[in-house]
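Structure, as structure tokens:
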Amino acid sequence: MTLRQLAAPPTSTGTGAVLSCRGLRKSYDGRLAVDGVSFDIGKGETYGLLGPNGAGKTTVISMVVGILPPDAGDIRVAGLPMTLRALAAKSRIGYVPQEIAVYPDLTGRENLRLFARLYGLRAAAARARAEEVLEVVGLSGRAGDRAGTYSGGMQRRLNIGAGLLHRPDLLILDEPTVGVDPQSRNAILDDVTALSGRGVAVLYTTHYMEEAHRLCDRVGIIDAGRLVAQGTQRELTALVGQCDRVRLGATGDLASAGEALERLGSVRGIAVGADGIELLDTDARTALPAILAAVSGAGATVRSVTLEEPDLEAVFLHLTGRSLRD
Numbered sequence: 001m002t003l004r005q006l007a008a009p010p011t012s013t014g015t016g017a018v019l020s021c022r023g024l025r026k027s028y029d030g031r032l033a034v035d036g037v038s039f040d041i042g043k044g045e046t047y048g049l050l051g052p053n054g055a056g057k058t059t060v061i062s063m064v065v066g067i068l069p070p071d072a073g074d075i076r077v078a079g080l081p082m083t084l085r086a087l088a089a090k091s092r093i094g095y096v097p098q099e100i101a102v103y104p105d106l107t108g109r110e111n112l113r114l115f116a117r118l119y120g121l122r123a124a125a126a127r128a129r130a131e132e133v134l135e136v137v138g139l140s141g142r143a144g145d146r147a148g149t150y151s152g153g154m155q156r157r158l159n160i161g162a163g164l165l166h167r168p169d170l171l172i173l174d175e176p177t178v179g180v181d182p183q184s185r186n187a188i189l190d191d192v193t194a195l196s197g198r199g200v201a202v203l204y205t206t207h208y209m210e211e212a213h214r215l216c217d218r219v220g221i222i223d224a225g226r227l228v229a230q231g232t233q234r235e236l237t238a239l240v241g242q243c244d245r246v247r248l249g250a251t252g253d254l255a256s257a258g259e260a261l262e263r264l265g266s267v268r269g270i271a272v273g274a275d276g277i278e279l280l281d282t283d284a285r286t287a288l289p290a291i292l293a294a295v296s297g298a299g300a301t302v303r304s305v306t307l308e309e310p311d312l313e314a315v316f317l318h319l320t321g322r323s324l325r326d
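Note that UniProt numbering gives residue 30 to position 30 of the sequence shown, counting from 1, and the numbers run on in steps of one.
Here's what the structure looks like:
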């Protein structure tokens, strides 16, 4: 698979996609901020949009949620065209911005009831939905406390809850874990995983590569306004020629074991040492049974196995020349 294939617009027409973006372009004062960006997100899929500062992520999101018109291109949410006045399309989106947007003097429960009413839910439905969402984001035990007494992580979870009240088809999370403690961050990531499991499509931006690795079904890498590559993590790492690294702690006839491994079609490199073997494989998880069988059949005994999958950070660095947090 080539860089051109992965960077090209998706081959589907967007039919059935919760979010479909085609050829998005936007300029500011003659400077092209977004240049031909195209991607889809399906039901229950988490799509990570990754890029260094100034790459165009915020501009893309602003166009997707309908607060910034594209100069060219097409956006559809649940099949509905997105424009500045497209209330039907906007009603299908839950947007959670980087900045915490809750009322500190209201309790968690009062915040959600207020936002539910703003979404158009009747009073009884707003009360019931607020309780459901408090349970989803793990804040039922603090529902009666003022939001201003919450930790930063709890406020962000309340923020996410506000975006879920109207049962959106698409949830947009713009760096939702910035500035939160590790425990709260882990809880937020668990929330996102659960939401995708319930069929919500998620567009997720982050400056933490480990979050993308943990959450995202597919990743799009944007740099200087262009989507330079997109695909599954396996597709992206294959794009730059990376392989899984397998370390076998082993004893016995290691030389013969190395020769046996060389005959496996997926193995790309082998180093035999005094206490084991290190090898590169294009798909070690699939090939591991064959690897172990080859070593055992050659008269060696495996004592331990360590598998390291390709690093998405290295892929990002290769494609953009910068780290994600630059």
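Using N, Cα and C, we set each Cβ at its ideal position, and we do this for glycine too.
What you are looking at is a predicted structure, and each value in this text was computed from that prediction instead of being measured.
Should residue i go down as buried or exposed, given a rule of 16 or more other Cβ atoms within 10 Å for buried?
{"i": "Ser38", "result": "buried"}
{"i": "Leu189", "result": "buried"}
{"i": "Ala88", "result": "exposed"}
{"i": "Ser196", "result": "buried"}
{"i": "Glu210", "result": "exposed"}
{"i": "Leu84", "result": "exposed"}
{"i": "Pro52", "result": "buried"}
{"i": "Leu139", "result": "buried"}
{"i": "Leu254", "result": "buried"}
{"i": "Gly258", "result": "buried"}
Going by the beta-carbon positions, is the gap between residue i and residue j smaller than 7 angstroms?
{"i": "Arg167", "j": "Asp35", "result": "no"}
{"i": "residue 328", "j": "Pro70", "result": "Only positions 1 to 326 of the chain appear in this structure, which leaves residue 328 out of reach."}
{"i": "Val65", "j": "Ile100", "result": "no"}
{"i": "Gln155", "j": "Val202", "result": "no"}
{"i": "Leu49", "j": "Gly299", "result": "no"}
{"i": "Gly269", "j": "Ala250", "result": "no"}
{"i": "Gly56", "j": "Ile222", "result": "yes"}
{"i": "Gly252", "j": "Thr301", "result": "yes"}
{"i": "Arg185", "j": "Thr177", "result": "yes"}
{"i": "residue 328", "j": "Glu175", "result": "For the chain, the structure presents residues 1 to 326; residue 328 sits outside this window and is missing."}
{"i": "Leu158", "j": "Gly199", "result": "no"}
{"i": "Leu261", "j": "Ala290", "result": "no"}
{"i": "Asp191", "j": "Val137", "result": "yes"}
{"i": "Gly144", "j": "Val180", "result": "no"}
In the DSSP assignment, what residue or residues form a beta bridge with residue i?
{"i": "Cys21", "result": "Phe39 and Ile75"}
{"i": "Gly269", "result": "Leu280"}
{"i": "Pro81", "result": "Arg76"}
{"i": "Val246", "result": "Leu279 and Leu307"}
{"i": "Ser27", "result": "Leu32"}
{"i": "Ala229", "result": "Ile221"}
{"i": "Val202", "result": "Thr46 and Leu171"}
{"i": "Val302", "result": "Ala250"}
Once you ignore the five residues that flank residue i on each side, which residues in its own chain have a CB closer than 7 angstroms to its CB?
{"i": "His213", "result": "Gln233 and Leu312"}
{"i": "Leu112", "result": "Ala130, Val133, Leu134, Gly161, Ala162 and Leu165"}
{"i": "Asp105", "result": "Arg146 and Gly148"}
{"i": "Ala86", "result": "Gly66 and Leu80"}
{"i": "Glu309", "result": "Asp244"}
{"i": "Lys43", "result": "Val18, Gly199 and Ala201"}
Which same chain residues, not among the five before or five after residue i, have their C-beta less than 6 angstroms away from its C-beta?
{"i": "residue 352", "result": "Beyond the ends of the chain as shown, which are 1 and 326, falls residue 352; an answer cannot be given."}
{"i": "Ser62", "result": "Leu68"}
{"i": "residue 361", "result": "Past the edges of the chain, shown from 1 to 326, lies residue 361, and the structure says nothing about it."}
To the nearest angstrom, how far is the alpha carbon of residue i from that of residue j?
{"i": "Leu292", "j": "Val315", "result": "29 angstroms"}
{"i": "Val18", "j": "Leu319", "result": "28 angstroms"}
{"i": "Cys216", "j": "Glu45", "result": "8 angstroms"}
{"i": "Ile172", "j": "Ala116", "result": "18 angstroms"}
{"i": "Ala125", "j": "Leu114", "result": "12 angstroms"}
{"i": "Gly241", "j": "Gly79", "result": "37 angstroms"}
{"i": "Lys26", "j": "Gly54", "result": "13 angstroms"}
{"i": "Glu151", "j": "Arg127", "result": "Sequence check: residue 151 is Ser here, not Glu. Cα to Cα, the separation comes out at about 24 angstroms."}
{"i": "Ser20", "j": "Thr58", "result": "17 angstroms"}
{"i": "Val96", "j": "Val295", "result": "51 angstroms"}
{"i": "Pro9", "j": "Arg76", "result": "Note on Pro9: pLDDT 44, under 50, position unreliable in the model; the coordinate value appears next. For Pro9 and Arg76, the distance between alpha carbons rounds to 15 angstroms."}
{"i": "Arg47", "j": "Asp40", "result": "Strictly speaking, residue 47 in this sequence is Tyr, with Arg absent from that position. Cα to Cα, the separation comes out at about 9 angstroms."}
{"i": "Thr282", "j": "Leu317", "result": "20 angstroms"}
{"i": "Met1", "j": "Ser91", "result": "In this prediction, Met1 has a pLDDT of 38, which is less than 50 and means its spatial position is unreliable; what the coordinates show is noted afterwards. Going from the Cα of Met1 to the Cα of Ser91 covers about 38 angstroms."}
{"i": "Asp169", "j": "Asp29", "result": "34 angstroms"}
{"i": "Gly141", "j": "Gln183", "result": "17 angstroms"}
With a threshold of 8 angstroms on Cβ separation, who are the neighbours of residue i within its own chain once the five nearest residues in sequence on each side are excluded?
{"i": "Leu6", "result": "Per-residue confidence for Leu6 stands at a pLDDT of 43, beneath the threshold of 50, marking its modelled position as unreliable; the derived number appears in the next sentence. Excluding sequence neighbours, Leu6 sits near Ala229, Gln230, Gly231, Glu235, Leu236 and Leu239."}
{"i": "Gly297", "result": "Ala260"}
{"i": "Leu121", "result": "Arg129, Leu165 and His166"}
Would you please verify whether the beta carbon of residue i is less than 7 angstroms from any beta carbon of chain D?
{"i": "Asp244", "result": "In summary, chain D is missing from the structure at hand, where a single protein chain is found."}
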